[in-house]
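Visitor:
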Amino acid sequence: METLPSCSVVVTTCVDSPGLRANLAQVGPQARAIGADVCLIFNCAENAIPAVVRAELGALVDVLLFEPEPGKSNALNTAIARMQGEVIAFTDDDAIPGTGWLRALLQPFAEDAKVVGVGGPVLPQFDGDGPPTWYRRILARKPSTFLGPKHFMGNDPVDYTYPTGDKIDGVPLGANCAWRREALLRHPYPPTLGPNRATGLRGGEDTFVAIQIMAEGGRVVHQPSARVCHPVEAGRISREYVLNGHRIQATEYVRIMQHLGRPMPDLARLERYGNILERQRKRNVFLGEDRAFRRDTKLAFVKQLIVELKSLPAESGAPALERVS
Amino acid sequence: MSRTRIHMSGVVVCQDNEDTIEAVLASLAPHCQEIVVVDGGSRDGTLERALRCPLTRLYERPFPGSIADQKNFAFAQCQGDWIFVLDTDEVLAPVSPAAVHRLTRLPIVNWLSLPRYWVVPHQGGLGYLSEKPFYKDRQLRIFRNEPCFRYDGSKSAIHHEVHERRGMGFAITKPHIYHFDLLLRSRAEREAKVARYRALDPEGERLHRMYLYEDWDTPILPLPAPPPVLLHELAAAHQA
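Chains H and U supply the protein sequences, listed in that same order.
Residue numbers for the first sequence follow my numbering, beginning at 1 and rising by one.
Residue numbers for the second sequence follow my numbering, beginning at 1001 and rising by one.
1. Cutting at 7 Å between CB atoms, please list the residues of its own chain near residue 277/H, excluding the five before and the five after it.
2. Contact between the region 1110-1119 of chain U and the region 1169-1180 of chain U is defined here as three or more beta-carbon pairs at a separation below 8 Å; is this criterion met?
3. According to DSSP, which residues form a beta bridge with residue 1228/U?
4. Compare the beta carbon distance of residue 1068/U and residue 1160/U with 8 Å and say whether it is the shorter of the two.
5. Just to make sure I have the definition right: I need the residues of chain H whose C-beta is within less than 9 Å of the C-beta of residue 1143/U. Which are they?
6. Check each residue of the region 137-156 of chain H: if its Cβ is closer than 9 Å to any Cβ of chain U, include it; give the result in chain order.
7. With distance defined between alpha-carbon atoms, name the residue in 293/H, 282/H and 212/H nearest to residue 258/H.
8. Over what stretch of residues does the beta strand (DSSP E) that includes residue 1180/U continue unbroken?
9. Which term fits residue 47/H, buried or exposed, when burial requires 16 or more other beta carbons within 10 angstroms of its beta carbon?
10. If the cut is a Cβ gap below 9 Å, which residues of chain H does residue 1151/U touch?
11. Establish whether the CB of residue 1056/U and some CB of chain H are separated by less than 8 Å.
12. Using alpha carbons as the reference points, say which of 1029/U, 1126/U and 1058/U lies closest to residue 1233/U.
13. Indicate, with yes or no, if the ligand SAH has a heavy atom lying under 7 Å from the CB of residue 147/H.
14. Are the C-beta atoms of residue 1001/U and some chain H residue less than 8 Å apart?
15. Can you check whether the C-beta of residue 312/H is within less than 8 Å of a C-beta belonging to chain U?
16. Using alpha carbons as the reference points, say which of 1111/U, 1055/U and 1079/U lies closest to residue 1025/U.
17. Within this structure, are the beta carbons of residue 130/H and residue 1063/U separated by less than 8 Å?
18. Alpha carbon to alpha carbon, what distance is there between residue 254/H and residue 317/H?
19. Tell me, please, whether the region 32-40 of chain H touches the region 98-109 of chain H by the rule of three or more beta-carbon pairs shorter than 8 Å.
20. Residue 1011/U CB to nearest chain H CB: under 8 Å?
21. Quick check: is the beta carbon of residue 1079/U nearer than 8 Å to any beta carbon in chain H?
22. Helix, strand or coil for residue 129/H, going by three-state DSSP, please let me know.
23. Is the CB of residue 129/H under 8 Å away from at least one CB in chain U?
24. Whole angstroms is fine: what's the gap from residue 234/H's alpha carbon to residue 76/H's?
25. Pull up the distance between the alpha-carbon of residue 188/H and that of residue 162/H, whole angstroms please.
26. For the pair the region 1005-1016 of chain U and the region 1098-1106 of chain U, tell me if three or more CB-CB distances fall below 8 Å.
27. Using DSSP with H/G/I as helix, E/B as strand and the rest coil, what is residue 28/H?
28. What runs of the beta strand (DSSP E), each 3 residues or longer, lie entirely inside the region 155-212 of chain H?
29. Which residues mark the beginning and the end of the beta strand (DSSP E) in which residue 1117/U is found?
30. Consult DSSP for residue 1210/U and reduce its assignment to one of helix, strand or coil.
31. Where does residue 96/H sit, in a helix, a strand or coil, going by DSSP?
32. Alpha helix (DSSP H) containing residue 290/H: first to last residue?
33. Out of 57/H, 168/H, 20/H and 22/H, which one is the CA nearest neighbour of residue 252/H?
34. Under 8 Å between the Cβ atoms of residue 1170/U and residue 1112/U?
35. Starting from residue 1171/U and walking both ways along the beta strand (DSSP E), at which residues does that stretch end?
36. Strictly by DSSP, which residues pair up with residue 1022/U?
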């Protein structure tokens, strides 16, 4: 059996919650079993968290940090700089890792020194009777099993392939991934992306870093046995939340492409497509509710993409990033 | 890996079923686009074996003490428009999924019930208990993914039924379900199981006693179609 690399698990949060406690209850024993350390970092000032809570949570983890600068990316970078594990594993504060999650996540690093990153499935978990039909149908059409970039590559271990062209799918999600620390130090999380109350964004930082690291040519492995479940709050199962999510994804998409120096989508073509969707919206009043909503999600994405592209300067971005073979 | 729309979600709730889980999932897979497996805390190789099925979406949830509750949790994770549920002591007869799918495409159909064989050792081979209450023992296992089709565990901690059979449905003649619990356990083990069930649910006595099939004088007939390989293996293990 291969020796697992030294590891630090980083959990980022803003507030104490039952979900966070449940997460740490899973992560802590798994980390201790293999000698890894756990870092919990609050994305707020230390005095924003009551002393009692600080003491309680501090007892559950090895390192408790605070990053007052708003933005998950800032918190992640602070934690990476502080923790010394050869590999840094990440999970969301409200995700529930499955049995053997951390060991499974580290296994590919032990088997091949060329592995720079590992990602695993993030499975949505619903309460009660489950989500309504319209939500299920949106989810069922996603290649991801989750409302996010495609990350789930099936139940067999495979390598993620470097996403080319205008698609940025096929990368590990930040809720369930591990990277070699030296790669993360070369490619810090961008403060302009990622969940941030100031900017209103919900993510994108994990995708950006994953693509940058993959561009260097290192292996990034999909490890299906490293599973985490991600409870989906009832508040997220609303049409407005999903539509807003598509708008935000458009903003994140443009920023990622801009950071990567990739060519942007053709604005004129997008405007034509947006007009077609808009006309369909007005004409097809008898379209089924589910199909109409799916079209609305596309329209929300395209409209926001157009707004973002129009706000860009004429010549923007660094030279295009080519993958080292 | 792109995904097409999920029409049928399979559901299997398991715990320490490493010997049977693969066969159960394999028999369910042709009918489904995804299979939600909820494990109650297996300590054997169930999780690894469940993941060998490419359609599996595996959740871990400590067994809450009610199988109805665990299955309802599994139903909540399904992304399909229909649900097809099997237990870990059941496999489906290998038939084309087309017939089932034709029915589930009809907007007026809301549920389908399937006949079930209670498989027992018979003359060195396999047979089934051929009269009531063992056959056809219709099981409501295919239904729309809607809140009305959820299990009600309030009446019995052991035997559970859906809240209501809303709308129109059909009792179909195939695929048959092979229920092989009687092959898995010896008489002594089944007596212990019945005693346990009796303590949990005294009112379900008649259903509990079905596990002691030898007491019923029900005729046993050979299985009409060749049963899945797993059943032969289990019968051989039983005889050994």
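Built from N, CA and C at the ideal position, the CB exists for glycine as well.
The structure presented is a predicted model; accordingly, all values stated were derived computationally and were not measured.
Guide: Answer, in terms of the structure:
1. As a working mapping, residue 277/H is identified with position 277 in the first sequence. Annotation for residue 277/H: 295, 298, 299 and 302 place their beta carbon closer than 7 Å to its own, counting only its chain and skipping 5 residues before and after.
2. Using a Cβ-Cβ distance cut-off of 8 Å, the region 1110-1119 of chain U and the region 1169-1180 of chain U are in contact, since at least three pairs of beta carbons, one from each stretch, lie closer than that value.
3. Counted from its first residue, the second sequence places residue 1228/U at position 228. The secondary-structure analysis by DSSP pairs residue 1228/U with nothing; it has no beta-bridge partner.
4. Position 68 of the second sequence, counting from 1, holds the residue named residue 1068/U. Position 160 of the second sequence, counting from 1, holds the residue named residue 1160/U. Result yes, Cβ atoms of residue 1068/U and residue 1160/U sit closer than 8 Å.
5. Position 143 of the second sequence, counted from the start, is the residue given in the question as residue 1143/U. Those do not exist, as residue 1143/U stays about 13 Å from chain H at its closest Cβ, beyond 9 Å.
6. Residues of the region 137-156 of chain H whose Cβ lies closer than 9 Å to any Cβ of chain U, in chain order: 137, 139, 140, 141, 142, 143, 144, 145, 150, 152, 153, 154, 155 and 156.
7. For the purposes of this step, residue 258/H is identified with residue 258 of the first sequence, where counting begins at 1. Taking only the C-alpha atoms, the option nearest residue 258/H is 212/H.
8. Taking the second sequence and counting its residues from 1, the one referred to as residue 1180/U is at position 180. DSSP places residue 1180/U outside any beta strand (DSSP E), giving it a letter other than H or E.
9. Here residue 47/H corresponds to residue number 47 of the first sequence, with the count starting at 1. Exposed, because fewer than 16 other Cβ atoms sit within 10 Å of the Cβ of residue 47/H.
10. Within the second sequence, numbered from 1, the residue matching residue 1151/U stands at position 151. Going along chain H, no residue has its Cβ under 9 Å from residue 1151/U, so there is no contact; the nearest lies around 11 Å.
11. Counting from one through the second sequence, the residue named residue 1056/U turns up at place 56. Yes, because at least one Cβ of chain H sits closer than 8 Å to the Cβ of residue 1056/U.
12. Numbered from its first residue, the second sequence carries residue 1233/U at position 233. Per the Cα distances, 1126/U.
13. Absence of the ligand SAH is noted for the structure shown, with no ligands found whatsoever.
14. Position 1 of the second sequence, counted from the first residue, corresponds to residue 1001/U. Since pLDDT at residue 1001/U reaches only 45, below the 50 mark, its modelled position is unreliable, and no value is offered.
15. Within the first sequence, residue 312/H is the residue found at index 312, counting from 1. Put simply, the CB of residue 312/H is far from chain U, with every gap to its CB atoms at 8 Å or more.
16. Your numbering for residue 1025/U matches position 25 in the second sequence. It is 1055/U.
17. Reading the first sequence from its first residue, position 130 is the one you call residue 130/H. Reading the second sequence from its first residue, position 63 is the one you call residue 1063/U. Not closer than 8 Å, so no.
18. In the first sequence, the residue the question calls residue 317/H occupies position 317. In the first sequence, the residue the question calls residue 254/H occupies position 254. Residue placement at residue 317/H is poorly supported in this model, since its pLDDT is 47, which falls under 50; the coordinates still yield a value, given next. Taking the straight line from one Cα to the other gives about 11 Å.
19. They touch, by the three-pair rule.
20. For the purposes of this step, residue 1011/U is taken as the residue at position 11 of the second sequence. It does not: the Cβ of residue 1011/U has no partner Cβ on chain H nearer than 8 Å.
21. As a first step, residue 1079/U must be located in the second sequence, where it is residue number 79. It does: the Cβ of residue 1079/U has a partner Cβ on chain H nearer than 8 Å.
22. As a position in the first sequence, residue 129/H is number 129, starting the count at 1. Reduced to three states, the DSSP call for residue 129/H is coil.
23. Your numbering for residue 129/H matches position 129 in the first sequence. At least one CB of chain U lies nearer than 8 Å to the CB of residue 129/H.
24. The sequence position of residue 234/H within the first sequence is 234, counting from 1. The sequence position of residue 76/H within the first sequence is 76, counting from 1. So the two alpha carbons sit approximately 27 Å from each other.
25. Taking the first residue of the first sequence as position 1, residue 188/H is located at position 188. Taking the first residue of the first sequence as position 1, residue 162/H is located at position 162. Looking at the two C-alpha atoms, the distance is approximately 19 Å.
26. As far as the Cβ criterion goes, the region 1005-1016 of chain U touches the region 1098-1106 of chain U, which means the pair count is three or higher.
27. Start at 1 with the first residue of the first sequence, and residue 28/H comes out as number 28. In the three-state reduction of the DSSP assignment, residue 28/H falls in the helix class, which pools H, G and I.
28. Residue ranges of uninterrupted beta strand (DSSP E) with 3 or more members, entirely inside the region 155-212 of chain H and ordered along the chain, are 176-180.
29. For the purposes of this step, residue 1117/U is taken as residue 117 along the second sequence, with counting starting at 1. Here the beta strand (DSSP E) through residue 1117/U covers 1116-1122.
30. Position 210 of the second sequence, counted from the start, is the residue given in the question as residue 1210/U. Correct three-state label for residue 1210/U: coil.
31. Within the first sequence, numbered from 1, the residue matching residue 96/H stands at position 96. Reduced to three states, the DSSP call for residue 96/H is strand.
32. Numbered from 1 along the first sequence, position 290 holds the residue referred to as residue 290/H. Counting along the chain, the alpha helix (DSSP H) containing residue 290/H begins and ends at 289-310.
33. Translated into positions along the first sequence, residue 252/H becomes position 252. Comparing Cα positions, the closest option is 168/H.
34. For the purposes of this step, residue 1170/U is taken as the residue at position 170 of the second sequence. For the purposes of this step, residue 1112/U is taken as the residue at position 112 of the second sequence. Cβ atoms of residue 1170/U and residue 1112/U: closer than 8 Å.
35. Numbered from 1 along the second sequence, position 171 holds the residue referred to as residue 1171/U. Note, residue 1171/U: beta strand (DSSP E), 1168-1171.
36. Position 22 of the second sequence, counted from the first residue, corresponds to residue 1022/U. None; residue 1022/U has no bridge partner.
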